[in-house]
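Chains as they are written, first to last, in the numbering used here: chain A, 198 to 476; chain B, 198 to 476; chain C, 689 to 1006; chain D, 689 to 1006.
Think of the CB as a built atom: it goes at the ideal place given N, C-alpha and C, for glycine as much as any other residue.
Keep in mind it's a predicted model, so treat the numbers as computed, not measured.
Some notes on the structure that comes next.
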Amino acid sequence: MAIFKDKHYLRVKLDKETDESLWMQCKSCGELVFKRRVRENNNICPYCGEYFFLTARERIESLIDEGSFTDISKPIMAADPLLFQDTKPYPQRIEDAQEKTGLADAIIIGSVVISEIAVIIGVMDFRFIGGSMGSVMGEQICHGMEEAIRNQCPFILVSSSGGARIQEGILSLMQMAKTSVVRAQLAEQRLPFISVMTYPTTAGVQASIASLGDVIIAEKGAMIGFAGRRVIRGTIAEELPPNYQTDSFALEHGSIDRVANREHLREELSNVLRFFVRQ
Amino acid sequence: MAIFKDKHYLRVKLDKETDESLWMQCKSCGELVFKRRVRENNNICPYCGEYFFLTARERIESLIDEGSFTDISKPIMAADPLLFQDTKPYPQRIEDAQEKTGLADAIIIGSVVISEIAVIIGVMDFRFIGGSMGSVMGEQICHGMEEAIRNQCPFILVSSSGGARIQEGILSLMQMAKTSVVRAQLAEQRLPFISVMTYPTTAGVQASIASLGDVIIAEKGAMIGFAGRRVIRGTIAEELPPNYQTDSFALEHGSIDRVANREHLREELSNVLRFFVRQ
Amino acid sequence: MAEKKAIELLETKIQELRELNKMEEIDMSGEILLLEEKLEALKIRTYSNLSDWERVKIARHPERPYALDYIDKAFTDFYELHGDRIIGDDRALLVGLAQLQGKPVVLLAQQKGHSTEENKQRYFGMPRPQGYRKAKRIMALAERFSFPLISLIDTPGAYPGLEAEEFNIGGAIANNLLAMAKLQTPTIAVIIGEGGSGGALAVGVADRVLMLENATYSVISPEGASAVLWKDKGKTKQAANSLNLTAEHLLKLAVIDEVIPEPLGGAHKDPQKTIASFKKVLTRHFAEVCDTPPDELLAARYKRYRSLGCYRTLSDNR
Amino acid sequence: MAEKKAIELLETKIQELRELNKMEEIDMSGEILLLEEKLEALKIRTYSNLSDWERVKIARHPERPYALDYIDKAFTDFYELHGDRIIGDDRALLVGLAQLQGKPVVLLAQQKGHSTEENKQRYFGMPRPQGYRKAKRIMALAERFSFPLISLIDTPGAYPGLEAEEFNIGGAIANNLLAMAKLQTPTIAVIIGEGGSGGALAVGVADRVLMLENATYSVISPEGASAVLWKDKGKTKQAANSLNLTAEHLLKLAVIDEVIPEPLGGAHKDPQKTIASFKKVLTRHFAEVCDTPPDELLAARYKRYRSLGCYRTLSDNR
Ligand SMILES: [Zn+2]
Ligand SMILES: [Zn+2]
């Protein structure tokens, strides 16, 4: 675990795959695109508008005033309380994910400035075991909210998660309760919590902290819901509409406040934050 | 208005029609029934079980410990703030209803005992201009809740109303707000409010005080809802299910807590009150 | 009717003279002034004695400014919030954040459609339970952050339909009344068009209730009253005149606090002027409620609604 | 398997001897005693080392007592309340008032069906948003009247289906977690059968969390874990053993406070004894929480959930 040599262990390194070649082919439209151009375009294909995953660090950069990010994540990483082993031991899985992402776990907590407003932000990284929420993510989210309370500033959470970290069993389930009780403290303090749902915000994360925003904004193209297509088809063989669990489905059914394109998300946050922060 | 000669102006006299003959024909099954037998049976047809209207006073008697009723209604009656005249002047309509029912308006407020528990009860009388809620009913309901606060006892409201008293225009609409603000006081005082919905509990009454019970019990056969069949068919020509706005419809759609047969309503109230009254 | 035609003719004539006046060699300013005076007099004669039924028609006029027109012009930075978090997002009752005089406020706005397509989407301005529950959710937000709440009321009534009944529209309205009774933040309601019964009141319990001059607010529509009370669809005008549904009447009945003047002939004759008038009155009340301690507001709100109604006391010996 | 057969045989034999014993001239009591001792030893050997997967099967046993069995026997005067006041009345999550030791309590109870018909009605014990919102409504009632809240948890999970998604089941669960975090009344949750993930937790945030000996509580079913992690439906047993989903494990992980003993072989072997055991443990905790000032309860509840989880601290020089 050489990546943890300095205090800034959460600094994101460029994804190796990204560096191997200068060009990539868009999976959606098939066009060959210069990678840097995609990166500079918020990981959106300049030809067809398809969104590719943003790493947590890229996401942060895309949302904040330049250079305003300070990593304030707690210096923690996953333990292995259940000595869990599926196709590989859990510690091995963690190490692999850390190597791949340069992250300690699937979330970064940052102190940042958005349109001159200081906020605490938490951003998930889907590359890290599907952005799954285990003890570390739960603790980091709570830590983020507590930092917001300490600084009396807004809290933003950008979700990208398939749900709970199964390898931590019941302890990952308990993170739903844990983040909720701290969220109650944030409400008590009358501090705003803006929840941003991106692809995907599902299961345990959607059924807890992500759905508890004072304002909930979905990124265009997000997947939002509790039980996935596969589970529903497996359980009850029900016909599902084509827009099932898309951003438009969530908006139509009243689960979220707004949908924003990735390129407008920063402005969106700036617009909503202004109401909550007394100048 | 000779009926108001003494202080006990709200004492119900027997409905004249009831006294004209000893027998009545059930509209539902067609059987000829001895009227007294119907009356003693809570105005339920002993042959087919059809419910006939109960007067407010009959309703009270059917629910309380014998002899425990004291009329504590405010000594008020309708004014004519709008000088309203439809097919007849509003004061005339009021006088006719008073003559017919022996009531000052469409509700009685009583101090009563149910299974040895002292409660304040409000009971509407559908015979009085369709149990419509005008300024008097609004004031009486508030008065009843305030008496419950004064006595620190539960409040029960038995609704039987087609909605607002149109002849008082906007002032009747305002009774929805008026009863709601006083209901908030009752909640503040942590005193229970049991709402009993009978045939019919609709429009302005259903969309305000009647729907704000801590527990809502419908009498079997009640009609419960906001917009009547006629309005809906007039506006949008929609197909309505046969059980539209029945007690079963309300239960199925989660608008009420329970349905009770008329003959069990007293026991029902006794059962629920026991939870809220510390012995 | 004849007077309205005359007004239109005069207006056309004045316009023509103005065109002529633009040519350098012709000076018609004297004639124009004369005609304008005549027009003003005629307008006053025609519009200042509008019957209640005529006002009903003005309140429903399809060119009358709707909620979003006020939001666009009298507020800044409208940021709409969607959805009740339960069932759906009602398009007849919009909610959101906005700024008024540099202060954040929460808006509840009943919005009619300008086209058939839009009206279909907005259910002709008739909110469903989804709308009322969205409003209730946003009331909680207003309370948490001490945002004043401003309602713009313009609806024929709550939507009557099977789905609405299935989703307990009566209960939704009732719970909004209760929520607004207790809401720990300043609240202002403005009836800008039609104040249709419980569907209007469900967002209308407030510390200040203001009303446009030609808006209406009624327990039932004149058509409904005509059918229910007279059993005769032809008594609509009579019903309108009986219901006391205009701003003038409601001020006397102490149901509203102030009438917001409209241009002669109604808001649609000059939307800009109407909205300016709206803003002027609103901001005055807004400043007042924002300066009042919350406890006082709640006590006054309680007193206001507790005392609404009109009845006679019975003496013992009558 | 062979041991279970032996147990059944022994039980039959003892029963036969008891019949014989009833005849006056025959005294078999010595033999009976002997066999009973043998049976007990065999049972202990068989059942006290149940694998986690065996416990999963016991937790799901169709003859296991369900919520209403506990309500009937351990509480009095159950008075069910129906409906979420919004959409409908869920039959997989029952709520109501009841008395426990002469005190009124609010019950939340996940109820499975005993027959196919009943299971259809109860969605196999999988609550829909209607159920969770009904529970939330009743939490507010509990708070208003300071009724302690007791949850009986027994569900494979929240209902996965289109309707549930349309009605925002995730949001409904999330809002229950938040409500239970803040609830100003004593709360106890008892996992009596299956504690299926978020669907269980949504009524399970409490001051005390108790669990029947053979109940399970897990972030995912063994079948689900097998499919997701091993991509192999055959790894169910292995998944069950990995998930730490039994009461014994959960006590060690500080997720639950106490294990409620079951009769040997599981609750279904002796429901009466199970319910007595349940009542004994429950009432002890009930007395404790009722005697604790609300502020203290809330502070302890906060601390409890705030500290759940297990992670390593990174040192700077690793
Ligand atoms: Zn492309
Ligand atoms: Zn009959």
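* Asked: For Asp765(D), which of helix, strand or coil comes out of DSSP?
  -> Here residue 765(D) refers to the residue found at position 77 of the fourth sequence. DSSP places Asp765(D) in strand when its eight states are reduced to three.
* Asked: Closer than 8 angstroms, CB to CB, is Trp741(D) near chain A or not?
  -> As a position in the fourth sequence, residue 741(D) is number 53, starting the count at 1. Not one chain A Cβ lies under 8 angstroms of Trp741(D).
* Return helix, strand or coil for Gln485(A), following the three-state DSSP convention. => With chain A running from 198 to 476 in the structure shown, residue 485(A) is simply not present.
* Whose CB is closer than 5 angstroms to a heavy atom of ligand 2? List the residues in chain order. -> Cys223(B), Ser225(B), Cys226(B), Cys242(B), Tyr244(B), Cys245(B), Glu247(B)
* To do: Locate the beta strand (DSSP E) running through Ser414(B), then write down its first and last residues.
  => By one-based count along the second sequence, residue 414(B) stands at place 217. Residue identity check: residue 414(B) is Ile in the sequence provided, not Ser. Segment 412–416, the beta strand (DSSP E) holding Ile414(B).
* To do: Return no unless some Cβ of chain C is closer than 8 angstroms to the Cβ of Glu449(A).
  => Counted from its first residue, the first sequence places residue 449(A) at position 252. So, interface residue.
* Just tell me which of Ala400(A), Ser405(A), Gln386(A), Glu385(A) has its CA closest to the CA of Ser392(A). => By one-based count along the first sequence, residue 392(A) stands at place 195. When only C-alpha atoms are compared, the closest one is Ser405(A).
* Asked: Starting from Val893(C) and walking both ways along the beta strand (DSSP E), at which residues does that stretch end?
  -> Position 205 of the third sequence, counted from the start, is the residue given in the question as residue 893(C). Taken as a continuous stretch (DSSP letters only), Val893(C) belongs to no beta strand (DSSP E), as it is neither H nor E.
* Asked: At a cut-off of 7 angstroms, is Glu984(D) close to ligand 1 when judged by its beta-carbon and the heavy atoms of the ligand?
  -> Residue 984(D) sits at position 296 when you count from the first residue of the fourth sequence. Every heavy atom of ligand 1 is 7 angstroms or more from the Cβ of Glu984(D), so no.
* Asked: So, is Ala860(D) buried or exposed, given that buried needs 16 or more other C-beta atoms within 10 angstroms?
  -> Looking up residue 860(D) in the fourth sequence gives position 172. Counting Cβ neighbours within 10 Å, Ala860(D) comes out buried, since at least 16 surround it.
* Show which residues of chain B have a CB atom less than 8 angstroms away from the CB atom of Tyr767(D). => In the fourth sequence, counting from the first residue as 1, residue 767(D) sits at position 79. Result: Asn468, Val469, Phe472.
* To do: Output, in chain order, the set of chain A residues within a Cβ distance shorter than 8 angstroms of Arg832(C).
  => Locating residue 832(C) in the third sequence gives position 144, where the first residue counts as 1. Ala384, Arg387, Asp411, listed in chain order.
* To do: Can you say whether Cys242(B) is buried or exposed, counting buried as having 16 or more other CB atoms within 10 angstroms of its CB?
  => Numbered from its first residue, the second sequence carries residue 242(B) at position 45. Buried, since its Cβ has 16 or more Cβ neighbours within 10 Å.
* Asked: Is Glu228(A) near ligand 1, going by C-beta to nearest heavy atom under 7 angstroms?
  -> Start at 1 with the first residue of the first sequence, and residue 228(A) comes out as number 31. True, at least one ligand heavy atom lies under 7 angstroms from that Cβ.
* Leaving out the 5 sequence neighbours to the left and right, which residues in its chain are closer than 8 angstroms to Lys232(B) when beta-carbon positions are compared? -> Mapped onto the second sequence, residue 232(B) falls at position 35. Excluding residues within five positions, the ones whose Cβ falls inside 8 angstroms are Thr215, Ser218, Leu219, Trp220, Met221.
* If we cut at 8 angstroms on Cβ distances, does Arg380(B) have a partner in chain D? -> Within the second sequence, residue 380(B) is the residue found at index 183, counting from 1. No, Arg380(B) lies away from the interface with chain D (no Cβ there is under 8 angstroms from its Cβ).
* Name the two residues that bound the continuous beta strand (DSSP E) containing Gly881(C). => The sequence position of residue 881(C) within the third sequence is 193, counting from 1. Start and end: 875–884.
* Closest Cβ-Cβ distance between Ala861(C) and chain B: below 8 angstroms? -> Here residue 861(C) is taken as the residue at index 173 of the third sequence, counted from 1. Just to set this straight, residue 861(C) is Ile in the shown sequence, not Ala. Yes, contact with chain B.
* **chain D within 8 angstroms of Met321(A), Cβ atoms only** => Numbered from 1 along the first sequence, position 124 holds the residue referred to as residue 321(A). Judged by the 8 angstroms Cβ criterion, Met321(A) is not in contact with chain D.
* Tell me where the alpha helix (DSSP H) around Gln364(B) begins and ends. => As a first step, residue 364(B) must be located in the second sequence, where it is residue number 167. Careful: Gln364(B) lies outside any alpha helix (DSSP H) and carries neither H nor E.
* Please work out which residues of its chain come closer than 6 angstroms, Cβ to Cβ, to Ile291(A), disregarding the five sequence neighbours upstream and downstream, and give them in chain order. => Against the first sequence, residue 291(A) aligns to sequence position 94. Ala275, listed in sequence order.
* Three-state secondary structure assigned by DSSP to Phe201(B) -> For the purposes of this step, residue 201(B) is taken as residue 4 along the second sequence, with counting starting at 1. The predicted position of Phe201(B) is uncertain, since its pLDDT is 40 and thus under 50; no value can be drawn from it.
* Asked: Nearest to Gln364(A) by alpha carbon, out of Thr764(D), Tyr999(D), Ile746(D)?
  -> Residue mapping note: residue 364(A) aligns to position 167 of the first sequence, counting from 1. The shortest Cα separation from Gln364(A) among Thr764(D), Tyr999(D), Ile746(D) belongs to Tyr999(D).
* Asked: From the beta carbon of Gly939(D), is the nearest beta carbon of chain A less than 8 angstroms away?
  -> Start at 1 with the first residue of the fourth sequence, and residue 939(D) comes out as number 251. Before going further, note that residue 939(D) is Leu rather than Gly in the sequence given. Taking Cβ atoms only, chain A never reaches closer than 8 angstroms to Leu939(D), which makes this a no.
* Backbone CA spacing between Leu207(B) and Ala823(D) [nearest angstrom] -> The residue labelled residue 207(B) in the question sits at position 10 within the second sequence. The residue labelled residue 823(D) in the question sits at position 135 within the fourth sequence. Here the model assigns Leu207(B) a pLDDT of 37, short of 50, so the residue's position is not dependable and the matter cannot be decided.
* Of all the options Gly401(B), His461(B), Phe390(B), which has the alpha carbon lying nearest to the alpha carbon of Leu472(B)? -> As a working note, residue 472(B) is residue 275 in the second sequence. Checking the sequence shown, residue 472(B) turns out to be Phe, not Leu. Nearest of Gly401(B), His461(B), Phe390(B) to Phe472(B), Cα basis: Phe390(B).
* Asked: Using a beta-carbon distance below 8 angstroms, is Glu247(B) in contact with chain C?
  -> Mapped onto the second sequence, residue 247(B) falls at position 50. No, because no Cβ of chain C sits closer than 8 angstroms to the Cβ of Glu247(B).
* Can you name the start and end residues of the beta strand (DSSP E) that Val977(D) belongs to? -> Sequence index remark: in the fourth sequence, residue 977(D) carries index 289 (1-based). Run containing Val977(D): none in the beta strand (DSSP E); it sits in the alpha helix (DSSP H), 959–978.
* Beta-carbon of Thr1001(C) versus every beta-carbon of chain B: anything under 8 angstroms? -> As a position in the third sequence, residue 1001(C) is number 313, starting the count at 1. So, interface residue.
* **Where Ser839(C) falls, given that 16 or more other Cβ within 10 Å makes a residue buried** => Indexing the third sequence from 1 puts residue 839(C) at position 151. The residue in question, Ser839(C), is buried, as its Cβ has 16 or more Cβ neighbours within 10 Å.
* **Identified DSSP bridge partners for Gly401(B)** => As a first step, residue 401(B) must be located in the second sequence, where it is residue number 204. According to DSSP, Gly401(B) bridges with nothing at all.
* Asked: Are Thr1009(D) and Ala888(D) close, meaning C-beta to C-beta below 8 angstroms?
  -> Lying before the first or after the last residue shown, residue 1009(D) is absent from chain D, which here runs from 689 to 1006.
* **CB contact below 8 angstroms: Ile908(C) versus chain B** => As a position in the third sequence, residue 908(C) is number 220, starting the count at 1. Chain B, which has a Cβ nearer than 8 angstroms to the Cβ of Ile908(C), makes this yes.
* **Straight-line gap, Arg989(C) to Val378(B) (C-alpha atoms, nearest Å)** => The residue you call residue 989(C) lines up with position 301 of the third sequence. The residue you call residue 378(B) lines up with position 181 of the second sequence. Their backbone Cα atoms lie some 9 angstroms apart in a straight line.
* Have a look at Ala747(D) and Arg779(D) and give me their C-alpha separation to the nearest angstrom. => For the purposes of this step, residue 747(D) is identified with residue 59 of the fourth sequence, where counting begins at 1. For the purposes of this step, residue 779(D) is identified with residue 91 of the fourth sequence, where counting begins at 1. For Ala747(D) and Arg779(D), the distance between alpha carbons rounds to 20 angstroms.
* **Cβ of Asp945(C) within 8 angstroms of any chain A Cβ** => One-based indexing of the third sequence puts residue 945(C) at position 257. Not one chain A Cβ lies under 8 angstroms of Asp945(C).
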